[in-house]
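First up is the structure itself, then whatever we jot down about it.
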Amino acid sequence: MSTTETTESGIGPVEGAGELSGYSPENPAPVIEPPRKRTTKTPKSTRGNFEMYGWLFMRLSGIVLVVLVIGHLLIQLVLDGGVSKIGFAFVAGRWASPFWQTWDLLMLWLAMLHGANGLRTIINDYAERPNTRLWLKGLLYTATVFTILLGTLVIFTFDPNIR
Amino acid sequence: MPAGTLYRGREGMWSWVAHRVTGVLIFFFLFVHVLDTALVRVSPEAYDTVVATYKTPLVALLEYGLVAAILFHALNGLRVIAVDFWAKGPRYQKQMLWTVVGVWLVLMIGALYPVLGHAVREVFGS
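Those sequence lines, one after another, are chains A and B. Position 21 of the first sequence, counted from 1, bears residue number 21 in UniProt numbering, the numbering being contiguous throughout. Position 123 of the second sequence, counted from 1, bears residue number 123 in UniProt numbering, the numbering being contiguous throughout.
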């Protein structure tokens, strides 16, 4: 008799031993503890879900950015004479509208955070020494915070009558 | 290719490489772009002077490259989302990549005149 023999229910002879095993509801088999069961000694704080939220943010912000950035490219580089028309007066005209201010502000924040998270992933992938990673990410976060704050400040304090 | 590498080549890996390269390029441009736009807080002249360099033929070529990078990153990003969230996404990832490349080519041909037209007129005379 081969070991691949199965009973009618499709359960192998070993695991399906049933009454032969000697165990029953009245006489249950001993409980085997899961090898990685959480105990009182397991640290309470694990690393959390940061990477999962980062992954989700890349996809959600990506969908919004496709609309915002391609619209931006159409307005700045394609429609109405393309790049030739851009100048201080053109910027003043667009930022007179809260709609375009909101558009640009949202685009700035989402693109910077999307790009910063992408570069963080790339640094983690290729910078092998912990010190290199630390410095590159420090530089990245500094540049990101600086750029987001500068851009936000410019949108909110723009003055068409500066001169 | 080094032994024991996980890189597998073909459409899957190369689209991933292109996504990374275009992403980094776009991020560096974005940094510069926020800085040049911040010049509107300095003076209209300062802003217009810098933007004037953006209208030169050489920079127009760079702008066409920027459009190429952004369009690929955008289209391939939508493909990545489809691979992750659509049940049949992984099975059709190759077909979706070639769709991305096709749409990208059409859009790049469409962007040729609007983005590079003024540069061509300047170099070769109108």
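Ideal Cβ positions, reconstructed from N, Cα and C, are used throughout, including at glycine.
(1) I'd like the list of long-range same chain contacts for S2(A), defined as Cβ closer than 8 angstroms, with 5 residues on each side in sequence excluded.
(2) Which residue wins for smallest C-alpha separation from W55(A), given the options L149(A), K137(A), I75(A), N117(A)?
(3) Identify whether S24(A) lies in helix, strand or coil by the three-state DSSP scheme.
(4) Taking Cβ-Cβ distances below 9 angstroms as the criterion, which residues of the segment 80-97 of chain B are in contact with chain A?
(5) Quick check: the Cα distance between T42(A) and K88(B), rounded to an integer number of angstroms?
(6) Strictly under 7 angstroms for the Cβ-Cβ distance: is G77(B) near chain D by that measure?
(7) Go to R59(A), then tell me how far its alpha helix (DSSP H) extends in each direction, as first and last residue.
(8) How many whole angstroms separate the CB atoms of A18(B) and F72(B), which I take to be in contact at a CB cut-off of 8 angstroms?
(9) Please state if the CB of A60(B) and the CB of L6(B) are separated by a distance shorter than 7 angstroms.
(10) What does P44(B) reach in chain A if we use C-beta pairs closer than 7 angstroms?
(11) Is P114(B) helix, strand or coil when you go by DSSP?
(12) Mind checking the segment 48-69 of chain A against chain B and listing, in chain order, the residues whose C-beta falls within less than 8 angstroms of any C-beta there?
(13) Quick one: measure Cβ to Cβ for V100(B) and L75(B), integer angstroms, because I've assumed they're closer than 8 angstroms.
(14) Please report how far the alpha carbon of M108(B) lies from the alpha carbon of V66(A), in whole angstroms.
(15) Considering only the alpha carbon of each residue, which of M112(A), M52(A), V154(A) lies closest to L25(B)?
(16) Quick check: T22(B) and A82(B), are their CB atoms within less than 7 angstroms of each other?
(17) Any beta carbon of chain B sitting closer than 7 angstroms to that of G151(A)?
(18) Contact criterion: CB-CB distance below 7 angstroms. Does A127(A) meet it with respect to chain B?
(19) Terminal residues of the continuous alpha helix (DSSP H) containing N76(B)?
(20) In whole angstroms, what separates the C-alpha of E11(B) from that of A127(A)?
(21) What would DSSP say about S15(B), mapped onto helix, strand or coil?
Here's the rundown:
(1) For S2(A), the predicted model reports a pLDDT of 47, less than 50, meaning its position is unreliable and no value from the coordinates is stated.
(2) Just measuring C-alpha positions, the residue of L149(A), K137(A), I75(A), N117(A) sitting nearest W55(A) is N117(A).
(3) S24(A): strand per DSSP, three-state reduction.
(4) The residues in question are V80, I81, D84, F85.
(5) Answer to the nearest angstrom: the Cα atoms are 39 angstroms apart.
(6) This model lacks chain D altogether; the protein chains it does include are A and B.
(7) Where R59(A) is concerned, the enclosing alpha helix (DSSP H) starts and stops at 50-73.
(8) About 6 angstroms separates the two Cβ atoms, so the contact holds.
(9) No, these two residues do not count as a Cβ contact at 7 angstroms.
(10) From the beta-carbon of P44(B), the residues of chain A found nearer than 7 angstroms are F88, I162, R163.
(11) DSSP places P114(B) in helix when its eight states are reduced to three.
(12) Those would be R59, G62, I63, L65, V66, V69, in chain order.
(13) In this structure, V100(B) and L75(B) form a Cβ contact; the two beta carbons are roughly 4 angstroms apart against a cut-off of 8 angstroms.
(14) Roughly 16 angstroms separates the two Cα atoms.
(15) With respect to the C-alpha of L25(B), the residue from M112(A), M52(A), V154(A) having the closest C-alpha is M112(A).
(16) No, the pair does not count as a contact, with Cβ atoms beyond the cut-off.
(17) By this cut-off, G151(A) is an interface position.
(18) No - not a single Cβ of chain B is within 7 angstroms of the one on A127(A).
(19) Taken as a continuous stretch (DSSP letters only), the alpha helix (DSSP H) holding N76(B) covers 57-85.
(20) One alpha carbon belongs to E11(B), the other to A127(A), and they sit about 25 angstroms apart.
(21) Residue state, collapsed to three classes: helix.
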